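Some notes on the structure that comes next.
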Amino acid sequence: MQSNRSLESPINSLSNLDNLTMNLRNLLFIASFFLTTGTYAQTTVVDFESLPVPAEQFFNGDTNASSPYRDNFSITGTRDNFGETEFLQLWESSNVEFFNGYTPGYSSWNGFSWSKVTDTTTPGFANQYASFAGGGSDGAGGTITGTNYAVGFGNQSFFNLPELATVESIDITNTTYTGISIRDGDGFAKKFGGTSGDDEDFFMLTLTGFEDVNLGGGSTGAIDVFLADYRFSDNSKDYILDSWNQVDLTSLGSARSVEFSFTTTDNSAFGPNTPLFVAIDNLSYSINSVPEPTAPLLLSVWALALVARRSRKLNTLNSD
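The end of the sequence shown is residue 905 by the numbering used here, with every number in the run present.
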């Protein structure tokens, strides 16, 4: 009887080990597939809150400033600006690069600055850094006073996205300077709608995606955003954007850079009369990432491999 039991045991063991080995191989395949193909989208929201700026102040890229204002800047080149040197720069927030041009001789700038100004009532160029919403965006169409946001000025302003990033959305509103100029006129720019209110005026921002950084490569698409629209037959529907509006940018696809450009119905022989400013906040983008294996998962895969190896070895010995 003892002999019969000893003969049956190896046979049952071989069968069980074959099944175990097959199951372990399947588990190893599944684990390997997860480790090599599992991805997830990591979303980043650029809210500019890490940038240094006191309450009711701004920073416009002044090359004469010191740390910490200059810590996020890199100078990429220069060009002539009516006899003065303009420094071409990029500043960074949450791995996104924003263009800025600064001319020390004129104390002038273009591209993007950042701000914490909340003044919604003072007209004119001196109040060019204020959002018409009275502060930064809360991400839901409202305003949070005392938070950071960025201000864009001039055509061909742009930002560069990180490699493999997909741009998702951005919050946009007018600046106070532009909003009041459109509403009331300013001696240079006209009051939208004219004296009768029937002039079909508009002020539009176009965001254009490009395949490479610094507006390189071909276009990936364009999105128009009306910052003011007076083209309605019912004048009561005419509007100037004075709150934060979230704009879906997913149609720009795989853009590595996004250009800002403006169109207005108020122009002269010298160009647009409408102040070409816009406030932005909460730029959202995502990157598809392959997750690093966790320690428990790696340990499990190692254990499965070890058991499978020992099972095959024992199977071979029993067969002998």
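Note that beta-carbon positions come from the ideal geometry of N, C-alpha and C, so glycine has one too.
Being a predicted model, the structure only gives us computed values, none of them experimental.
| message | I need the straight-line Cα distance from I563 to A774, nearest angstrom please. | response | Lying before the first or after the last residue shown, residue 563 is absent from the chain, which here runs from 586 to 905.
| said: Mapping the DSSP letters down to three states, classify N712 as helix, strand or coil. | reply: helix
| task | Quick one: residues in its chain with C-beta nearer than 6 Å to the C-beta of I808, no 5 flanking neighbours on either side, listed in chain order? | result | L792
| said: So for T849, helix, strand or coil by DSSP? | reply: strand
| request: Buried or exposed for F667, please, with buried defined as at least 16 other CB atoms from any protein chain shown within 10 angstroms of its CB. | output: With fewer than 16 other Cβ atoms within 10 Å, it is exposed.
| request: From the DSSP output, read off the bridge partner residues of N745. | output: E682, S842
| Buried/exposed call for S591, threshold 16 Cβ in 10 Å | Note that S591 scores 44 on pLDDT, short of 50, meaning its location in the model is unreliable; the coordinates nonetheless yield the value given after this. With fewer than 16 other Cβ atoms within 10 Å, it is exposed.
| How would you write the range of the alpha helix (DSSP H) that T761 sits in, first residue to last? | 761-769
| What's the C-alpha gap between E753 and L834? | Each residue's Cα considered, the two are about 5 Å apart.
| field | Sub-8 Å separation of T758 and N830 beta-carbons | value | yes
| message | Per the DSSP calculation, D797 is bridged to which residue(s)? | response | G801
| request: Hey, could you find the ends of the beta strand (DSSP E) A626 is sitting in? | output: Residue range 625-631 is occupied by the beta strand (DSSP E) that includes A626.
| task | Throw me the rounded Cβ distance for the V736 and S692 pair, which I believe falls under 8 Å. | result | No, V736 and S692 are not in contact; Cβ-Cβ is about 16 Å, not under 8 Å.
| said: Rounded to the nearest angstrom, what separates S722 and I729 at their Cα positions? | reply: So the two alpha carbons sit approximately 6 Å from each other.
| query | When burial is assigned at 16 or more other CB atoms within 10 Å of the CB, is D819 buried or exposed? | reply | exposed
| query | Would DSSP call N649 helix, strand or coil? | reply | coil
| query | Where does the unbroken beta strand (DSSP E) through V702 begin, and where does it stop? | reply | Counted as a single uninterrupted DSSP element, the stretch harbouring V702 is not any beta strand (DSSP E), since DSSP gives it neither H nor E.
| N- and C-terminal bounds of the beta strand (DSSP E) containing Q831 | 830-833
| Cβ neighbour criterion (16 or more within 10 Å) applied to P639 | It is exposed - the Cβ of P639 has fewer than 16 other Cβ atoms within 10 Å.
| task | Could you give the DSSP three-state label for S874: helix, strand or coil? | result | strand
| Between the Cα of F738 and the Cα atoms of S659, F684, A750, which residue gives the shortest distance? | F684
| Inter-residue Cα distance where the pair is D656 and A718 | 28 Å
| task | State the beta-bridge partners of V810 as determined by DSSP. | result | L790
| said: In whole angstroms, give me the CA-to-CA distance for F817 and E796. | reply: 36 Å
| message | Could you pull the DSSP bridge partners for T728 from this structure? | response | S722
| query | Quick one: what's got a C-beta closer than 6 Å to T763's C-beta in the same chain, skipping five residues either side? | reply | P860, F862
| field | Minimum C-alpha distance to G778 - residue among S804, N745, S821, T629 | value | Of the residues S804, N745, S821, T629, the one whose Cα lies closest to the Cα of G778 is S821.
| Assigned secondary structure, S836 (DSSP; H/G/I helix, E/B strand, else coil) | Helix.
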